[in-house]
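Below is one structure, written out as structure tokens; the observations come after it.
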Amino acid sequence: MIWESWQYLMTSPQIKQAKTLGFLKESIALSARAKRCQKEWSLHYEQCRQAINRAASRAVQKRTILIFGAGTLNDIPIDSLAVTFQQVILVDLVFLEAARRKAGLYENVRLVEHDVTESIHWIEEGMDLVQQPNRWLDSKSIDLVISLNLVTQLPLIPVRWLINKYNYSEQQADIVGKQLIYAHLNYLRQFAGEVCLIADRADHEFDKQGKLVDQYDPWWDIEAPQAESSWEWEVVPPGEGIKGHWQKNTVGVSFL
Ligand SMILES: C[S@@+](CC[C@H](N)C(=O)[O-])C[C@H]1O[C@@H](n2cnc3c(N)ncnc32)[C@H](O)[C@@H]1O
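Take the sequence shown: its position 214, counted from the start at 1, is 214 in my numbering, and no numbers get skipped.
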């Protein structure tokens with residue numbers, strides 16, 4: 001808890017909504033959970049790194065790679081990317097000190113704090129104006145784009161904010177959630193280079209006895225692109241969840 005509070009005090013995100021809406025808090029919680037669940041998450045991280053390396057080998061040229069949702073950088077094969085590509089751009093709403101230190105070891109790795117939905121300033125004000133993002137679309141040197149465990153996360157905090165702070169109904173919030181996912185997919189499809197999407201496809205919750213108690217569609221009923229490979233990720237291992245519950249997600253890789 002002391003580490004978490006310290007991180008919160010020491011991190012000043014460039015995008016103010018990262019703090020006001022709660023993204024910074026979530027990033028700190030994710031980072032702490034990643035440390036606690038090192039053993040259970042290691043295979044998932046390794047699968048992500050392998051998928052990114054496969055995507056890198058498909059890129060015809062190796063000028064710039066752009067990764068959305070870089071977060072802790074734990075699921076990124078940063079050593080090999082820094083060698084393979086002339087430039088590595090890692091994007092997230094907020095980066096903690098550990099990620100900054102890791103990225104700082106490489107001359108050609110750049111961290112960019114940016115809202116990939118280009119909409120959260122509206123959402124902060126209670127307006128459901130979901131934009132069609134366009135940053136980097138005019139950049140001619142981007143040969144590979146990765147959306148990394150991000151697309152299904154995009155609606156979570158904004159929707160909670162609109163419901164709690166602006167009394168949005170479940171139905172209104174649901175439309176915003178769908179629009180955020182749809183706009184991200186549409187954005188990715190406009191890049192001229194290779195595009196790889198890594199995301200959860202199905203989330204299952206189990207009780208202490210291992211009985212399935214709930215399952216969610218993390219895509220808010222939007223059709224996910226076909227996965228060329230997939231694996232299981234014990235995202236909430238036994239002991240982490242409330243009342244002994246645990247959660248397993250199916251993560252898939254698609255090329256758009
Ligand atoms: C499930 S985490 C995955 C992060 C990273 N791949 C990892 O494993 O550490 C989702 C990430 O998406 C980021 N994120 C959520 N909404 C975002 C937005 N609108 N723009 C940019 N990043 C966002 C969060 O800050 C978080 O780091």
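Cβ coordinates follow ideal geometry from the N, Cα and C atoms, glycine included.
In the structure shown, what three-state DSSP assignment does residue i receive?
| i | result |
| --- | --- |
| W220 | coil |
| T277 | What is shown of the chain runs 1 to 256, which leaves residue 277 out entirely. |
| H204 | strand |
| E228 | coil |
| V151 | helix |
| R110 | strand |
| D143 | strand |
| C48 | helix |
| N167 | coil |
| L23 | First, the amino acid is wrong: residue 23 is Phe here, not Leu. In the structure shown, F23 sits in a helix (DSSP, three-state: H, G or I). |
| T64 | strand |
| I76 | coil |
| W233 | strand |
| E240 | coil |
Should residue i be counted as a contact of ligand 1 given a C-beta to heavy atom distance under 6 angstroms?
| i | result |
| --- | --- |
| S27 | yes |
| V116 | yes |
| G71 | yes |
| Q153 | yes |
| D75 | yes |
| D128 | no |
| F95 | no |
| F23 | yes |
| N134 | no |
| D174 | no |
| L185 | no |
| N149 | yes |
| D92 | yes |
Exposed or buried, what is residue i when buried is set at 16 or more other beta-carbons lying within 10 Å of its beta-carbon?
| i | result |
| --- | --- |
| W3 | exposed |
| S141 | exposed |
| N249 | buried |
| A29 | exposed |
| V60 | exposed |
| N74 | buried |
| I242 | exposed |
| G69 | buried |
| Q247 | buried |
| W6 | exposed |
Measure the Cβ-Cβ separation of residue i and residue j and say whether it is below 7 angstroms.
| i | j | result |
| --- | --- | --- |
| L81 | V88 | yes |
| D115 | I15 | yes |
| L144 | G71 | no |
| A55 | C196 | yes |
| F85 | L111 | no |
| K208 | G244 | yes |
| V151 | A199 | yes |
| A18 | L129 | no |
| E113 | P133 | no |
| C37 | P218 | no |
| P77 | R101 | no |
| L137 | Q190 | yes |
Below 6 angstroms CB to CB, which residues in the same chain sit around residue i once its five sequence neighbours on both sides are set aside?
| i | result |
| --- | --- |
| Y216 | D203 |
| P155 | G177, L180 |
| I67 | L90, I146, L148 |
| S229 | V253 |
| R58 | E194 |
| G126 | Y166 |
| E97 | none |
| A103 | V109, L111 |
| A224 | R201 |
Once the 5 residues before and after residue i are set aside, which same chain residues still bring their CB inside 8 angstroms of it?
| i | result |
| --- | --- |
| A227 | R201, G252, V253, S254 |
| A32 | W3, E4 |
| T20 | E124 |
Do residue i and ligand 3 come close, with the Cβ less than 6 angstroms from some heavy atom?
| i | result |
| --- | --- |
| I181 | By its list of ligands, the structure shown excludes ligand 3, since it contains just ligand 1. |
For residue i, collect the residues of the same chain with a Cβ closer than 7 angstroms to its Cβ; drop the 5 residues on either side in sequence, then sort them by chain order.
| i | result |
| --- | --- |
| A173 | V159, L162, I163 |
| L24 | Y8, T11, P13, A18, V94 |
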